[in-house]
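Line by line, the protein sequences are chains A and B. Using my numbering, the letters of the first sequence map in sequence onto residues 137 to 260. Using my numbering, the letters of the second sequence map in sequence onto residues 137 to 260. To start, the structure itself, in structure tokens.
There are 2 protein chains.
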Amino acid sequence: MRDEKFCNSHCSFTRAIGTIGNKWKPIIINVIGTRTIRFGQLDNIIPHISRKVLTEQLKELEEDGLLERLAYKELPPRVEYKLSEKGLAFLPILESIKEWNCKYEVVPIMENSDHLIKYQLKSR
Amino acid sequence: MRDEKFCNSHCSFTRAIGTIGNKWKPIIINVIGTRTIRFGQLDNIIPHISRKVLTEQLKELEEDGLLERLAYKELPPRVEYKLSEKGLAFLPILESIKEWNCKYEVVPIMENSDHLIKYQLKSR
DNA sequence: TATTCTGGTTACTATTAGGTAACTACAAAA
DNA sequence: TTTTGTAGTTACCTAATAGTAACCAGAATA
Chain A
137 MRDEKFCNSH CSFTRAIGTI GNKWKPIIIN VIGTRTIRFG QLDNIIPHIS
187 RKVLTEQLKE LEEDGLLERL AYKELPPRVE YKLSEKGLAF LPILESIKEW
237 NCKYEVVPIM ENSDHLIKYQ LKSR
Chain B
137 MRDEKFCNSH CSFTRAIGTI GNKWKPIIIN VIGTRTIRFG QLDNIIPHIS
187 RKVLTEQLKE LEEDGLLERL AYKELPPRVE YKLSEKGLAF LPILESIKEW
237 NCKYEVVPIM ENSDHLIKYQ LKSR
């Protein structure tokens, strides 16, 4: 859920963080990318998300104008989601986060045995 | 607090979101910017954050290598924070979020009565 | 006839995050 | 002597978030 204090801030950066600064939204936006995707697909592709939370996040993304929702009046129902112009414009930011992370992350090295974890600086 | 599922993900993007994808960290990184700043200053400048949460977030940022902490052995104590190379490299991403937000945000209507001002200086 | 399919919603519970107040050290100032 | 100042930590409690299971429509399928 959105943080009301953040979204009502006088500071536009704070408001921006209020809308996209949580853990699920960047993941959802990244998974959708440039395609059109159905609710069930998102639920399958995104690990560890519950339908309830997915519904909530999608609703907020739509309200904030990052997402377009297309509901077909069929049975069983079909609903498709795709990024709006605003949502698409956010993708390059996610790409730069990926690059930043690849360059600077200290990643755990998983050895054959699960209990042995070593760390190293990931090289480009 | 960090999300363990995210930080242990096989997907590096998910891990990245696990470290910086919450509401406080982008704010803190943005406030620090290129300067060296003391704990008390951060506590004064950032609205609505408690010392406890600020301490927690700073500790995690340090553990994740975005932040350098300099504690002087004085009394009363003095502790200075500044961004590391990794943290500084994150600043352009925050700038692009600002640009993205300015371009696409539907700005909330701020009413001009005193009792509706959402932000005020902390009295401490 | 019973089951499946989809995209949710609802109620209830568990987990987690966050707020508040009290407390620490010791030096210097009032 | 008491207060002030800094940068926290700790315990306790509440508020917010997330998980789970049950339920819905109504057509198609077995």
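Ideal Cβ positions, reconstructed from N, Cα and C, are used throughout, including at glycine.
For a contact meaning CB atoms closer than 9 Å, what does residue i contact in chain A?
i: ASN180(B); result: Ordered by position in chain A, no residue passes the 9 Å Cβ test against ASN180(B), which lies about 15 Å from the chain.
Do you know how far the Cα of residue j is from the Cα of residue i?
i: PHE175(B); j: ILE168(B); result: 11 Å
i: LYS195(B); j: LYS188(A); result: 32 Å
i: GLU210(A); j: HIS146(A); result: 43 Å
i: ILE110(B); j: ILE164(B); result: No information on residue 110(B) is available, as it lies outside the stretch 137 to 260 that chain B covers here.
i: ASP200(B); j: SER186(A); result: 28 Å
i: PHE226(A); j: LYS234(A); result: 13 Å
i: GLU216(B); j: LYS222(A); result: 38 Å
i: THR170(B); j: ARG214(A); result: 49 Å
i: SER232(B); j: GLU231(A); result: 12 Å
i: ASP118(A); j: ILE173(A); result: Limits of chain A in this structure are 137 at one end and 260 at the other, which puts residue 118(A) out of reach.
i: THR191(A); j: GLU198(B); result: 34 Å
i: ALA152(A); j: CYS143(A); result: 7 Å
i: SER148(B); j: ASN237(A); result: 7 Å
i: THR155(B); j: THR150(A); result: 18 Å
i: LEU219(A); j: GLU204(B); result: 38 Å
i: GLN177(A); j: LEU224(B); result: 37 Å
i: HIS184(B); j: ARG138(A); result: 15 Å
i: GLU241(A); j: GLN193(A); result: 27 Å
i: TYR208(A); j: TRP160(B); result: 39 Å
In this structure, what does DSSP give as the bridge partners for residue i?
i: TYR240(A); result: Paired residues: none, contrary to the question.
i: VAL215(A); result: ALA207(A)
i: ARG174(A); result: GLU216(A)
When we look at the beta-carbon of residue i and count the other beta-carbons within 10 Å, is it buried (16 or more) or exposed?
i: LEU202(A); result: buried
i: LYS239(B); result: exposed
i: ASN158(A); result: buried
i: ILE253(A); result: With a pLDDT of only 39 at ILE253(A), under the threshold of 50, the placement of this residue in the model should not be trusted, and no figure is reported.
i: ASN166(B); result: buried
i: LEU206(A); result: exposed
i: PRO228(A); result: exposed
i: LYS141(B); result: exposed
i: PRO162(A); result: buried
i: PRO212(A); result: exposed
i: SER259(A); result: Interpretation of SER259(A) is limited by its pLDDT of 35, a score under 50 that renders its predicted location unreliable; the figure taken from the coordinates is listed afterwards. Exposed, because fewer than 16 other Cβ atoms sit within 10 Å of the Cβ of SER259(A).
Which chain A residues are close to residue i, counting only those with a beta carbon under 8 Å from its beta carbon?
i: SER232(B); result: PRO228, ILE229 and SER232
i: TYR217(B); result: Here the premise fails: no neighbours, minimum Cβ distance about 18 Å.
Below 8 Å on C-beta distance, what does residue i contact in chain B?
i: PHE142(A); result: LYS159
Could you list which residues in chain B have their beta carbon closer than 9 Å to that of residue i, in chain order?
i: LYS209(A); result: Here the premise fails: no neighbours, minimum Cβ distance about 28 Å.
Q. What residues in the region 148-166 of chain A bring their beta carbon closer than 9 Å to a beta carbon of chain B?
A. Legend: CB atoms of the region 148-166 of chain A lying less than 9 Å from CB atoms of chain B belong to residues SER148, PHE149, THR150, ARG151, ALA152, ILE153, GLY154, THR155, ILE156, GLY157, ASN158, LYS159, TRP160, LYS161, PRO162, ILE163 and ASN166.
**Q.** Members of the region 179-207 of chain B that neighbour chain A once the beta carbon cut-off is set at 7 Å
**A.** Cβ contacts with chain A: HIS184 and GLY201.
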